[in-house]
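Sequential numbering from 61 applies to the sequence shown in the numbering used here. The C-beta atom is built at its ideal place from N, Cα and C for all residues, glycine as well. Notes to accompany the following structure.
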Amino acid sequence: MSTNPIGIFDSGVGGLSVYQAIRKHLPNETIIYFADSAYAPYGNLSKQKLHERCQHIANFFVKHKAKAMVIACNTATAMMADWLRAEYDLPIIALEPAIKPAVSVTRTGHIGVFATENTLNSSRYQRLVAQFARDKSIHQIACHGFVEQIEKGDLDGPETTKLVKQYLEPLLEFKVDTLVLGCTHYPFLAKTIKKIAGTAPLKLLDTADAVSLQLTRVLAVNALFNNLPHEQDYFFSSDNPKNATPVFTKLLSKKVIVSSA
Numbered sequence: 061m062s063t064n065p066i067g068i069f070d071s072g073v074g075g076l077s078v079y080q081a082i083r084k085h086l087p088n089e090t091i092i093y094f095a096d097s098a099y100a101p102y103g104n105l106s107k108q109k110l111h112e113r114c115q116h117i118a119n120f121f122v123k124h125k126a127k128a129m130v131i132a133c134n135t136a137t138a139m140m141a142d143w144l145r146a147e148y149d150l151p152i153i154a155l156e157p158a159i160k161p162a163v164s165v166t167r168t169g170h171i172g173v174f175a176t177e178n179t180l181n182s183s184r185y186q187r188l189v190a191q192f193a194r195d196k197s198i199h200q201i202a203c204h205g206f207v208e209q210i211e212k213g214d215l216d217g218p219e220t221t222k223l224v225k226q227y228l229e230p231l232l233e234f235k236v237d238t239l240v241l242g243c244t245h246y247p248f249l250a251k252t253i254k255k256i257a258g259t260a261p262l263k264l265l266d267t268a269d270a271v272s273l274q275l276t277r278v279l280a281v282n283a284l285f286n287n288l289p290h291e292q293d294y295f296f297s298s299d300n301p302k303n304a305t306p307v308f309t310k311l312l313s314k315k316v317i318v319s320s321a
């Protein structure tokens, strides 16, 4: 079973930021990546529809004999991680917005959070804020439009730049010095965010490396490391592969073939 693949899924291409971290930390592992782009963003879905999609994807990974599953989506983690762990008998690694690390990093006490509406409204997120950031000022924004732009591969065009300015500039006025990227899509906008922030001191935090290290620990505990040389990863999308392939290729800076799922 140690040579079986690791399944990673997200509402779309955003989880490729997590894929990159896992690829770096676990070079021998085979990865199956599932982008549910036909249903992105998850932040806009009803709980029932999100349940249906997560069940469909988990069953897809089981069919492909995945030895572990990574939920590379803050919304799916917030709303479905507990259910998935109860329902499926394989290690499931989830993520959450980097509120705790942000508290230790901020100097002004003002922390910004970019996330989807469902993530910000989830009890899981609200517990994080209550537990770790009660004495900090949290400035949270549901960034409508970010996911859609990234799904198109538009990371720094005029429309994307306008959106980033719209959401970022109010935070800078509040002296926010730490910005939590609470959606795995958003790290792909890091360069644009930094450019608009200019000389303002702004630390960007995401959880890709933390998830990768947690997966490493889980594989070690369960004796699931693949010690054979890496051969190939597999990429799937619920969207048209002809649309997905150029976006995957751009975000990963390498040619990939995306199959229909």
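Residue 175 carries a strand assignment under DSSP once its states are collapsed to helix, strand and coil.
Only residues of its own chain outside the window of five on either side were considered, and among them 107, 110, 178 and 182 have a CB closer than 7 angstroms to the CB of residue 139, listed in chain order. In the same chain as residue 209, and ignoring 5 residues on each side of it, the C-beta atoms closer than 7 angstroms to its own belong to 219, 220 and 223, in chain order. In this structure, the straight-line span from the alpha carbon of residue 204 to that of residue 227 is close to 9 angstroms. About 28 angstroms separates the beta carbon of residue 102 from that of residue 166, a gap too long to meet the 8 angstroms contact definition. Residue 305 and residue 163 have their C-alpha atoms spaced approximately 38 angstroms apart. Ranking 248, 145, 69 and 93 by CA distance to the CA of residue 217 puts 248 first. Residue 129 is bridged by DSSP to 67 and 152. When C-alpha distances from residue 94 are compared across 85, 132 and 63, the shortest belongs to 132.
The beta carbon of residue 261 lies closer than 6 angstroms to those of 237 in the same chain, with the five residues before and after it left out. Remark: C-beta atoms of residue 96 and residue 71 approach each other more closely than 7 angstroms. In this structure, residue 66 and residue 127 form a Cβ contact; the two beta carbons are roughly 7 angstroms apart against a cut-off of 8 angstroms.
Taking 7 angstroms as the cut-off, the beta carbon of residue 318 is found no closer than this to the beta carbon of residue 78. As a beta-bridge residue in DSSP terms, residue 239 pairs with 172 and 264. Sequence-distant partners of residue 256 (beyond 5 residues in either direction) whose C-beta falls short of 8 angstroms from its own C-beta, in its chain, are 221, 224, 225, 228 and 229. Taking the CA atoms as reference points, residue 279 sits about 19 angstroms from residue 146. Counting C-beta pairs with one atom in each stretch, the region 84 to 94 and the region 293 to 310 have three or more that are closer than 8 angstroms, which means they touch. Taking 7 angstroms as the cut-off, the beta carbon of residue 310 is found closer than this to the beta carbon of residue 213.
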